[in-house]
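The structure appears below as structure tokens.
2 protein chains.
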Amino acid sequence: MRILLVEDDVEVARFVKKGLQEAGHTVEQAGNGRDGLFLAASEAFDLLVLDRMLPGGVDGVRIVETLRQQDNRTPVLFLSALSGVDERVRGLKAGGDDYLVKPFAFAELLARCEALGRRPSSEAPVTRLKVADLELDLLSRTVTRAGKKIDVQPREFRLLEHLMRHAGQVVTRTMLLEKVWDYHFDPQTNVIDVHVSRLRQKLDRGFDKPLIHTVRNAGYMIRAEG
Amino acid sequence: MRILLVEDDVEVARFVKKGLQEAGHTVEQAGNGRDGLFLAASEAFDLLVLDRMLPGGVDGVRIVETLRQQDNRTPVLFLSALSGVDERVRGLKAGGDDYLVKPFAFAELLARCEALGRRPSSEAPVTRLKVADLELDLLSRTVTRAGKKIDVQPREFRLLEHLMRHAGQVVTRTMLLEKVWDYHFDPQTNVIDVHVSRLRQKLDRGFDKPLIHTVRNAGYMIRAEG
DNA sequence: CCTCCACCAGCAGGATCCGCATGGGCTGTT
DNA sequence: AACAGCCCATGCGGATCCTGCTGGTGGAGG
């Protein structure tokens, strides 16, 4: 499972991250609400573990509310020192899925994480991928940016799908050749460049924030910022 | 939401049931594990609220394990007086989705119930259609019969999809022209016949039970028998 | 300044796909 | 029996669409 942990307490963060990783999950971490929200909105996670209280304006509840407003249904587990019933209810009402009070036993955190992660990815296949205002609907084979429909060719679609499934991660040319072209050799041409170029034109033309980024000597990456 | 409550303590049961009903949910209730399991297995609920300890052999954990084994993914919230971390972990590991320790505040129970009910069946788009041993996967755009992959053209795919979405119902030519071809007039040719024919060849050839049936003077129908 | 890498426009081959027309079979009616 | 209406299968032609390559240009990095 790909988990995003947003926690400002360094000790707790370290402890949780280590434990989750040892249980076989991939953990990204943010130390404040701003970064956390940005990551959660721009990349795909199976679960968010949020501290209820965070420094700097954007707290856990705020993050969830924002995400839910954007149709992001990623399960959310709150961690908090606030143990009052009202606090717990508020967290859940905002769109959280579970609420664990500090201090907690790691075994319970893990069990609850896995309970949350169990349902969505297991039986409800992803039907739409989203990166910033770009959406790709696997069912209708449709691409939209900022609500406007964009026509893409089959190969472009596969390319984009692969990029979006790895949003925020660099995708190498070799990977693309394997996964999008089913080539298991180097075609010695710039096929990829050409298709990426075409895709760019369709996706980024007319928008000031480009989504497809070149990573020199490595490959490409799709992501909202830099 | 349709909720099943399995709780042997009459007082608690009454209290919870009343509260959930006042929040606008429908509540069925069982007083022991046996009945609870039977109900949960035979009817469709959006959520199960189970007492962890129940009289007569079948306890909450047992119920969940049995259901999960039957591929029943209905969300489960445990209620229990057993507050140890190990107990909680066990409940979640068995397939529970949440665990609330008695005594609890009703507001929290309600919030957790609604958090659990929020996600699952509410909006899960259909991604695969099935008629007898014929399956159509909207995501991979794949058709299989009896496990064997069958290649179909785009237009054939749309045609088949439309037929399968109305399995067991006659689909008229006019409907097909509108929905599959986007024709709003009569093309005066036998386009439909041709495509149905091609589809038949691919789907029914080599199988004794045909799935696509002609309804004379009406249209076509896909269905397992007759 | 030089080199390498990436970008983009244009092009042309190819493959796919689709719809039409024809001829034949079946069914029910006259 | 003969006929009309409906439905089925196949071959063919055309058109579109798509894709990958080439070659020249621009820019980043050394």
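Chains as they are written, first to last, in the numbering used here: chain Z, 1 to 226; chain U, 1001 to 1226. Virtual Cβ for every residue (Gly too), placed ideally from N, Cα, C. The model shown is predicted, which means the values in this text are computed figures rather than measured ones.
For residue j and residue i, the rounded distance between their alpha carbons
i, j, result
"V191(Z)", "A105(Z)", "52 Å"
"L1203(U)", "I1222(U)", "11 Å"
"L1082(U)", "V126(Z)", "37 Å"
"S121(Z)", "T74(Z)", "Here the model assigns S121(Z) a pLDDT of 45, short of 50, so the residue's position is not dependable, and the following value carries that caveat. Their backbone Cα atoms lie some 10 Å apart in a straight line."
"G1036(U)", "Q1021(U)", "19 Å"
"G96(Z)", "A132(Z)", "22 Å"
"Q29(Z)", "A40(Z)", "10 Å"
"G1168(U)", "E1043(U)", "24 Å"
"N32(Z)", "E161(Z)", "30 Å"
"V1058(U)", "L1116(U)", "24 Å"
"R145(Z)", "T66(Z)", "19 Å"
"V227(Z)", "I212(Z)", "The displayed coordinates of chain Z run from 1 to 226. Any statement about residue 227(Z) would go beyond what the structure contains."
"R1014(U)", "R1155(U)", "57 Å"
"P103(Z)", "T26(Z)", "23 Å"
"N1217(U)", "V1196(U)", "15 Å"
"I3(Z)", "D51(Z)", "14 Å"
"V1215(U)", "R1173(U)", "11 Å"
"I1063(U)", "L136(Z)", "39 Å"
"L54(Z)", "A1107(U)", "25 Å"
"L48(Z)", "V76(Z)", "5 Å"
"R1068(U)", "K93(Z)", "27 Å"
As assigned by DSSP and simplified to three states, the class of residue i
i, result
"D1051(U)", "strand"
"S197(Z)", "helix"
"D86(Z)", "helix"
"Q21(Z)", "helix"
"S1122(U)", "Because S1122(U) sits at a pLDDT of 43, beneath the cut-off of 50, its placement in the model cannot be relied upon, and the following sentence gives the value as read from the coordinates. Three-state result, S1122(U): helix."
"E1007(U)", "coil"
"D98(Z)", "strand"
"A1107(U)", "helix"
"A13(Z)", "helix"
"V1191(U)", "helix"
"R1062(U)", "helix"
"R1205(U)", "coil"
"V76(Z)", "strand"
"A81(Z)", "coil"
Extent of the continuous alpha helix (DSSP H) run through residue i
i, result
"L39(Z)", "G33 to S42"
"Q70(Z)", "It is not in any alpha helix (DSSP H) - Q70(Z) carries neither H nor E in the DSSP assignment."
Residue i, buried or exposed, once every other Cβ within 10 Å from all chains shown has been counted against 16
i, result
"K148(Z)", "exposed"
"F1078(U)", "buried"
"V1006(U)", "buried"
"A1224(U)", "exposed"
"K1018(U)", "exposed"
"H1184(U)", "exposed"
"K209(Z)", "exposed"
"V180(Z)", "buried"
"A1111(U)", "buried"
"S1080(U)", "buried"
"F1038(U)", "exposed"
"D1098(U)", "buried"
"F1045(U)", "buried"
"R205(Z)", "exposed"
"G56(Z)", "exposed"
Limits of the unbroken beta strand (DSSP E) element including residue i
i, result
"K148(Z)", "K148 to I150"
"L160(Z)", "Counting along the chain, L160(Z) falls outside any beta strand (DSSP E), though it belongs to the alpha helix (DSSP H) covering P154 to R165."
"L1176(U)", "Not the beta strand (DSSP E): L1176(U) falls in the alpha helix (DSSP H), residues R1173 to L1176."
"Q29(Z)", "T26 to A30"
One or two residues paired with residue i in a DSSP bridge
i, result
"R128(Z)", "D137(Z)"
"I212(Z)", "I222(Z)"
"R1145(U)", "L1134(U) and K1148(U)"
"R1002(U)", "T1026(U)"
Contact test: residue i Cβ vs the ligand MN heavy atom, cutoff 6 Å
i, result
"F1015(U)", "The ligand MN is not among the ligands present in this structure, which contains no ligands whatsoever."
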